[in-house]
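In our numbering, the protein residues as written are 248 to 374. All C-beta atoms in this analysis are idealised placements derived from N, C-alpha and C, irrespective of residue type, glycine included. Note that the structure is predicted; figures quoted are calculated from it, not measured.
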Amino acid sequence: MADLFEDLGIVDGPVPVAVLVIAGLVFVYLLGRERTWHWVFTAIVVLVVGALVGVGGLWLAIRFFGAIEEPVPDAAWGWAGASAAGILLALFNLWRSRWWRKLIAVAALPLFAIVGWLEIAADTAQR
248 MADLFEDLGI VDGPVPVAVL VIAGLVFVYL LGRERTWHWV FTAIVVLVVG
298 ALVGVGGLWL AIRFFGAIEE PVPDAAWGWA GASAAGILLA LFNLWRSRWW
348 RKLIAVAALP LFAIVGWLEI AADTAQR
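Below, the structure is given as structure tokens:
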């Protein structure tokens, strides 16, 4: 049983691909909340603000906390922004929605964080 977990490969095996596919499906579901211009505008603002928060958080982690050694791969900046944008989108789906959308949004919060962590770890391991 222990050999099974050793062969999975967290950085380049099937685990990151499976988690990424699941997160992508959840992201599309959360994005398709309503078919109104108000929601489209809100979703765009949420995604842009979330991406800026993610990139800013990574910048703070590098410059002030020394969490990641420089130089940081370019893809890590994108994954930090994408992960934070997904988390903020999930948070916005908690308001004025049905209970099953709230349940999926709560489950998406750690899922998007794990995707960001896995992809940034994979990018920094490849350099």
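Query                                                                                                                                      : Result
Report the start-end ranges of each alpha helix (DSSP H) in the segment 263-330 that is 4 residues or longer and not cut off at the edges. : 284-310
Would you call the segment 297-306 and the segment 319-328 in contact, with 3 or more CB pairs under 8 Å?                                  : yes
Can you find at least 3 beta carbon pairs, one from the segment 286-301 and one from the segment 345-352, that sit closer than 8 Å?        : no
Closest to L336 by C-alpha separation, out of Q373, P357, V262, would be which residue?                                                    : P357
Applying the 10 Å Cβ sphere with the 16-neighbour rule, what's the burial state of D275?                                                   : A small fix is needed here, since residue 275 is Val in this sequence, not Asp. Exposed, because fewer than 16 other Cβ atoms sit within 10 Å of the Cβ of V275.
According to DSSP, is D259 helix, strand or coil?                                                                                          : coil
Let me know if I334 comes out buried or exposed under the rule of 16 or more other beta-carbons within 10 Å of its beta-carbon.            : buried
Nearest to V268 by alpha carbon, out of D370, E366, A372?                                                                                  : E366
Does the Cβ-Cβ distance between V273 and A355 come in under 8 Å?                                                                           : yes
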